[in-house]
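Protein chains in written order, with our numbering: chain F, 56 to 384; chain H, 56 to 384.
Quick reminder that beta carbons are idealized off the backbone N, C-alpha and C, glycines included.
In what follows, a single structure is set out as structure tokens and then discussed.
Protein chains: 2
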Amino acid sequence: MKILIIGAGGMIGRKLTAALLKDGSLNGRSIAALTLADIFAPEVPPSQIDIVSVANDLSAEGAAAELIKDRPDVIFHLAAIVSGEAEADFEKGYRINLDGTRLLYEAIRQAGQAESYFPKLVFTSSIAVFGEPLPAVIPDTQVLTPLTSYGTQKAIGELLLADYSRRGIFDGIGIRLPTIVVRPGAPNKAASGFFSGIIREPLVGLEAVLPVAETVRHWFASPRAAVGFLIHAAALNTESLGQRRSLNMPGLSATVGEQIEALERVGGSDAVALIRREPDAKIIEMVAGWPKNFDAQRSIDLGFSGDNNFDDIIRAHIADELNGRIGKP
Amino acid sequence: MKILIIGAGGMIGRKLTAALLKDGSLNGRSIAALTLADIFAPEVPPSQIDIVSVANDLSAEGAAAELIKDRPDVIFHLAAIVSGEAEADFEKGYRINLDGTRLLYEAIRQAGQAESYFPKLVFTSSIAVFGEPLPAVIPDTQVLTPLTSYGTQKAIGELLLADYSRRGIFDGIGIRLPTIVVRPGAPNKAASGFFSGIIREPLVGLEAVLPVAETVRHWFASPRAAVGFLIHAAALNTESLGQRRSLNMPGLSATVGEQIEALERVGGSDAVALIRREPDAKIIEMVAGWPKNFDAQRSIDLGFSGDNNFDDIIRAHIADELNGRIGKP
């Protein structure tokens, strides 16, 4: 089978690529070709599999048609302008996150008019489609009320995904990713960055800023779990989904205090001592509108599985990103 | 104040125009200018008010900017390809209902970048944003699950409306119109057409086909009530809406059997005798997925008011469309 990953240069894209290459197959069929696309051509990992890496701006004319010219059987659409940037740059966010997504769907529709073509399409949505007012535990039937342009664009991507799937244009499934922790790499400017920072930095002997109270609760998944969601989605029979093609994933609900307790168990009290409390009114207000917990029964029933506890999330980060070592490098 | 009605040539657009001209004011401010736009230039009713009628395809380049060049204070956006046509012609439906709506929003954004411009925008959405599985009584917090491309396009229009309003680009409000009965004019091919046909035709001595069982329940508003919703929305202070800018209207839930009983009371048993039962499996299946009843508490609290009962709906039709006379013309 042929696989296309759009947004393959990002953190999840790289980990998904590595997981697919390690398995060598998807849903029992061996991977014959893999196309990695992003705004810059992604690095090509060593592999026996035929890999093509392309630089592609999905929002440019003809770009989507070019991406699917080899008619991939499975398409992972991970490409997006992140929340903070889509909020700061209105036009860029709509161009990439809405137009880019729609142009991809349209290219598949056009291809299917000329020949028989019906790919599986895995769309990464986000819990940013939800915003206050929200119940303490969000059910699978929760109405979408995005509070950002990014969340709006993801919600529209979900609606289009459902309609194009209903029309038989492709077999779509949307995955609402929880906030990913522990994000590897340098701290970024995302308002949610501290959820990773307070684990990642202390584990390597660096100070981290905590801008909210320890009672703040949020919804998480590890990078490992996120990749698992995507691969499970690609293999899933979508017959039972009906018109509700986008799913809340089985994330892990935890408070910042519980994160810190896990850090203490796994990384020791020296690590915890590196967390500096510095309340930030703006971040406190933003975070207050975010989802805290989900009852993700549908995805559990469909065989998706997430992280067991926060200790395991931290241990996976240490194994995957720090070669098993903690403390100053 | 200056008012723009896009889609002014349609049934609701014409009745809204007449109501505004009769009042001569909106929200206590006298109407100085009224622009009527549609794909064909709408007829201009006699009036003291300065009326401009324009033919305008909202999806054409520059068309939206042209429409708002006089900077209307209130914009009613009623223009749409109807459900059946949007389903039959995928590209046309998306072009008019999605691109046209977005181009209008974008034209307002562009105008607001050059100068101070912040109109009120009333967007007509539809109960077609909802589809099975649905509860018997749909709450204000119901998740949107459109089962048609039309419903998908309306749901996307709502999401964009909320985001553009949140961004301070315009002051938007979305009105999810119930199925309008009694629609005047000739029978059309809409699957929902029979809900009007079984009243309208017998009242003038013509036979009407009923393709579903009398137990079928649905959600209705008269043309009078629909125009009232739009005018109330235009005058409403939207401060309390938050991010949930689209509202279910206080329609009337009735079964086909209840419709027929009302017809008997108002039009007599001769009228009822003109209803011919002719079950249509395709229509039965479609209608089964439609909303049956709503608890529209939010809009009631905001002062929207609908029809009291089906007898009144029929009497209003006789008064407004038949000059008070029933039976063969």
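Residues in the region 349-369 of chain H having any Cβ partner in chain F nearer than 8 Å: When C-beta distances to chain F are compared with 8 Å, every residue of the region 349-369 of chain H stays at or above that value.
N111(F) and I163(F): beta carbons closer than 9 Å? no
Does the beta-carbon of A179(H) have 16 or more other beta-carbons within 10 angstroms, so that it is buried, or is it exposed? With the sequence shown as reference, residue 179(H) is identified as Thr, and Ala is not the correct amino acid for it. Label assigned to T179(H): buried.
Whole beta strand (DSSP E) runs in the region 125-177 of chain H with 3 or more residues, listed along the chain? 129-132
Can you confirm whether the region 193-210 of chain H touches the region 209-229 of chain F when touching is taken to mean that 3 or more C-beta pairs between the two stretches lie within less than 8 Å? yes
Would you please state the rounded distance, in angstroms, between the beta carbons of V271(H) and T310(H)? I believe it to be under 8 Å. 6 Å
Along the region 122-151 of chain H, where does the CB come closer than 8 Å to a CB of chain F? Name the residues. Flagged, chain order: F145.
Report buried or exposed for V192(H), applying the criterion of at least 16 other Cβ atoms within 10 angstroms of its Cβ. exposed
Is it right to say I339(H) is buried, meaning 16 or more other beta carbons lie within 10 angstroms of its own, or is it exposed? exposed
Proximal residues to K383(F) (C-beta, below 6 Å), its chain only, five neighbours per side dropped: G260
Since A210(F) is in the alpha helix (DSSP H), which residue starts that stretch and which ends it? S204 to R221
Per-residue burial, K175(H) [other beta carbons within 10 Å of its own, 16 or more giving buried]: buried
Residue from E98(F), K124(F), E213(F) and V282(F) with nearest C-alpha to A169(F): K124(F)
For chain F, find out if any of its Cβ atoms is closer than 9 Å to the Cβ of G297(H); answer yes or no. yes
Please report the residue range of the beta strand (DSSP E) in which V267(H) lies. Segment: none, V267(H) is in no beta strand (DSSP E) and carries neither H nor E.
Return no unless some Cβ of chain F is closer than 9 Å to the Cβ of G186(H). yes
For T156(F), count neighbouring Cβ atoms within 10 angstroms of its own Cβ and tell me buried if that reaches 16, exposed if not. buried
Partners in chain H for L199(F), counting only beta-carbon separations shorter than 8 Å: V198, L199 and L214
Using a Cβ-Cβ cut-off of 9 Å, state whether D226(F) counts as contacting chain H. no
Using C-beta distances below 6 Å, list every residue in its chain close to H372(H), excluding the 5 sequence neighbours before and after it, in chain order. V237
Could you tell me whether the Cβ atoms of L329(H) and I228(H) are closer together than 9 Å? Taking 9 Å as the cut-off, the beta carbon of L329(H) is found no closer than this to the beta carbon of I228(H).
Following the continuous alpha helix (DSSP H) through F250(H), name the residue where it begins and the one where it ends. G248 to L258
For F275(F) and I368(F), believed in contact at Cβ under 8 Å, the rounded distance: 7 Å
Apply the 10 Å Cβ neighbour rule to L103(H) and answer buried if 16 or more other Cβ atoms are within range, or exposed otherwise. Residue identity differs from the one stated: residue 103(H) is Gln in this sequence, not Leu. Result: exposed.
Count the C-beta pairs between the region 73-80 of chain F and the region 137-151 of chain F that are closer than 8 Å, then say yes if the count reaches three, no if not. Segments in contact, no.
Between which residues of its own chain and L318(F) is the CB-CB distance below 6 Å, once the five residues before and five after are set aside? I254, A326 and V327
Okay, do the region 84-102 of chain H and the region 65-74 of chain H touch, 3+ Cβ pairs below 8 Å being the bar? When C-beta atoms of the region 84-102 of chain H are compared with those of the region 65-74 of chain H, three or more pairs fall below 8 Å, so the two segments count as touching.
Please classify P346(F) as buried or exposed, where buried requires at least 16 other C-beta atoms within 10 Å of its C-beta. buried
Residue range of the unbroken alpha helix (DSSP H) whose run includes K383(H): Unbroken run through K383(H): none, as it is neither H nor E.
Let me see if you follow: with CB-CB separation under 9 Å, is S114(F) close to chain H or not? no
Under the three-state reduction of DSSP, which class applies to Q103(H): helix, strand or coil? coil
Residues bridged to D226(H) [DSSP beta-bridge criterion]: K175(H)
So which residues of chain H does D335(F) contact, with C-beta pairs closer than 7 Å? Within 7 Å Cβ-Cβ: nothing; D335(F) doesn't reach chain H, min ~22 Å.
Using the Cβ count rule (16 or more neighbours within 10 Å means buried), how would you classify T196(F)? T196(F) is exposed by the Cβ-count criterion.
Spell out whether any CB of chain B is found under 9 Å from the CB atom of S277(H). The question asks about chain B, but that chain is absent: this structure's protein chains are F and H.
Under 9 Å, Cβ to Cβ, is there at least one residue of chain H near I211(F)? yes
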